[in-house]
Amino acid sequence: MKKLHENPAIGLLLCAGKDSKVVEYALSRSLSPALVAEYQTRLPDKQMLAMKLQEFYLLSAPEVAPKARPKKTINRI
Amino acid sequence: MIDLYWAIGQHLHHKIESDGWAKSTVMQLAAYIAQREPALRGFSAQNLWRMRQFFEAYPAKAKLSTLLRELPWSAHQHILSRSKQPEEREFYLRMATQQRWSVREVARQIDSGLFERAVISPPKLSTALREMQPQAEQHFKDLYLLEFLALPDPHSEADLHRSLLMNLGRFLTELGRDFCYVGSEYPVQVGGQDFALDLLFFHRGLSCLVAIELKVTAFEPEHLGKLNFYLERWTAM
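Chains as they are written, first to last, in the numbering used here: chain A, 1 to 77; chain B, 1 to 237.
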């Protein structure tokens, strides 16, 4: 199946959803060159992604991020 | 042409900064060009303004000049108008040239938030894969967007499989430029038994086969079992 000059085959499991913790645990024990990815049939909300990105930057570079202001309480409706 | 637009943008930028040019001056300039060279297109006030924006986005052109020249003006417009941070713009510049995206694809990828996806969630690789092919990480994503299939929710695995094959071109674009289609329901013989792989691709950059198994449900650890079984079978051959 694999030709001599090729690298070992990679397996990609494409699922409709996943729990990152479960995936991490399963992959850390896997002895095969595999990866798990998710697919979506709708475009994501870009604004939501941008907010997540902002959070990510704040978490990964706290020294550059502006001093955190006291959290506002959000009234849930 | 990109160089010319950049140079005009630079000129306008300095005029606006130091000589106090305003929007109306730029409009007069556009009107003057239109009158002098009626056959010349692409120098409307709006486009002149965009050239200035273009220069201001990439003032240090030397670093990105080859990248900038490789994309058409309309692709630059999408990147400029919709991504705000310099890292994000550079990311799309690099991806668009590397992946040879069409202008439409540039717009789609920005809409799909590829940059955010790539930064927030890197792909989930097994330890074995990380060790064997560390560069694999940059060729896969954590989330693939298949909105172009227009699949209803819920859908069956057969539906997903079939529409991926019917939209193979677009699926290949979403996977990445280096993927080549090898087969569907690809037969694998283990012992005396026949099995079939959902989809089989070849990756030119990694120089290896990529077997894709589809699941229309959420991930379960046992899903990996079958895939590992095929992969082990191949390595053993």
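Note that beta-carbon positions come from the ideal geometry of N, C-alpha and C, so glycine has one too.
For clarity, every value in this text was computed on a predicted model and none was experimentally measured.
Sequence-distant residues of the same chain with beta carbon closer than 7 Å to residue i, five excluded per side
| i | result |
| --- | --- |
| residue 50 of chain B | 77 |
| residue 72 of chain B | 103 |
| residue 194 of chain B | 187 |
| residue 61 of chain B | 6, 68 |
| residue 148 of chain B | 167, 170 |
| residue 176 of chain B | 99, 139 |
| residue 204 of chain B | 178, 180 |
| residue 18 of chain A | 36, 38 |
Local conformation of residue i per DSSP, three classes
| i | result |
| --- | --- |
| residue 221 of chain B | helix |
| residue 19 of chain A | coil |
| residue 74 of chain B | helix |
| residue 141 of chain B | coil |
| residue 85 of chain B | coil |
| residue 64 of chain A | Reliability fails at residue 64 of chain A, whose pLDDT of 49 lies under 50, so the model's placement of it is uncertain and no value is given. |
| residue 63 of chain B | helix |
| residue 94 of chain B | helix |
| residue 124 of chain B | strand |
| residue 33 of chain A | coil |
| residue 49 of chain A | helix |
| residue 115 of chain B | helix |
| residue 156 of chain B | coil |
| residue 44 of chain B | coil |
| residue 37 of chain B | coil |
Which residues DSSP lists as bridging residue i, in chain order
| i | result |
| --- | --- |
| residue 179 of chain B | B:203 |
| residue 38 of chain A | A:15, B:143 |
| residue 186 of chain B | B:197 |
| residue 7 of chain A | B:208 |
| residue 214 of chain B | A:14 |
Residue i burial status per 10 Å Cβ neighbour count (16 or more: buried)
| i | result |
| --- | --- |
| residue 139 of chain B | buried |
| residue 190 of chain B | exposed |
| residue 230 of chain B | buried |
| residue 192 of chain B | exposed |
| residue 39 of chain A | buried |
| residue 25 of chain A | exposed |
| residue 3 of chain B | exposed |
| residue 173 of chain B | buried |
| residue 253 of chain B | Limits of chain B in this structure are 1 at one end and 237 at the other, which puts residue 253 of chain B out of reach. |
| residue 100 of chain B | exposed |
| residue 168 of chain B | exposed |
| residue 158 of chain B | exposed |
| residue 18 of chain B | exposed |
| residue 81 of chain B | exposed |
| residue 207 of chain B | exposed |
| residue 36 of chain B | exposed |
| residue 20 of chain A | exposed |
| residue 32 of chain B | exposed |
| residue 224 of chain B | buried |
| residue 160 of chain B | buried |
| residue 38 of chain B | exposed |
| residue 135 of chain B | exposed |
| residue 14 of chain B | exposed |
| residue 47 of chain A | exposed |
| residue 128 of chain B | buried |
Cβ shell of residue i (< 6 Å), same chain only, five flanking positions each side left out
| i | result |
| --- | --- |
| residue 227 of chain B | 213 |
| residue 68 of chain B | 2 |
| residue 45 of chain B | 26, 27, 30 |
| residue 233 of chain B | 190 |
| residue 16 of chain B | none |
| residue 106 of chain B | 75, 78, 96 |
| residue 51 of chain A | none |
Other residues of its chain near residue i: CB distance less than 8 Å, five sequence neighbours each side excluded
| i | result |
| --- | --- |
| residue 265 of chain B | Residue 265 of chain B cannot be examined here, being either before or after the span of chain B that is shown, 1 to 237. |
| residue 142 of chain B | 117, 121, 122, 123, 124 |
| residue 8 of chain A | 2, 33 |
| residue 16 of chain A | 38, 39 |
Pair within 7 Å by beta-carbon distance, residue i and residue j
| i | j | result |
| --- | --- | --- |
| residue 145 of chain B | residue 112 of chain B | yes |
| residue 27 of chain A | residue 124 of chain B | yes |
| residue 131 of chain B | residue 53 of chain A | no |
| residue 10 of chain B | residue 55 of chain B | yes |
| residue 80 of chain A | residue 10 of chain A | Since the first residue of chain A shown is 1 and the last is 77, residue 80 of chain A is not available in this structure. |
| residue 197 of chain B | residue 218 of chain B | no |
| residue 75 of chain B | residue 119 of chain B | no |
| residue 41 of chain A | residue 151 of chain B | yes |
| residue 183 of chain B | residue 200 of chain B | yes |
| residue 30 of chain A | residue 126 of chain B | yes |
| residue 36 of chain A | residue 4 of chain A | no |
| residue 79 of chain B | residue 92 of chain B | yes |
| residue 97 of chain B | residue 137 of chain B | no |
Contact test: residue i Cβ vs the ligand NAP heavy atom, cutoff 6 Å
| i | result |
| --- | --- |
| residue 60 of chain B | This structure simply doesn't include the ligand NAP, nor any ligand for that matter. |
Proximity test, Cβ basis, 7 Å: residue i and chain C
| i | result |
| --- | --- |
| residue 86 of chain B | Here chain C cannot be found, since the structure's protein chains are A and B. |
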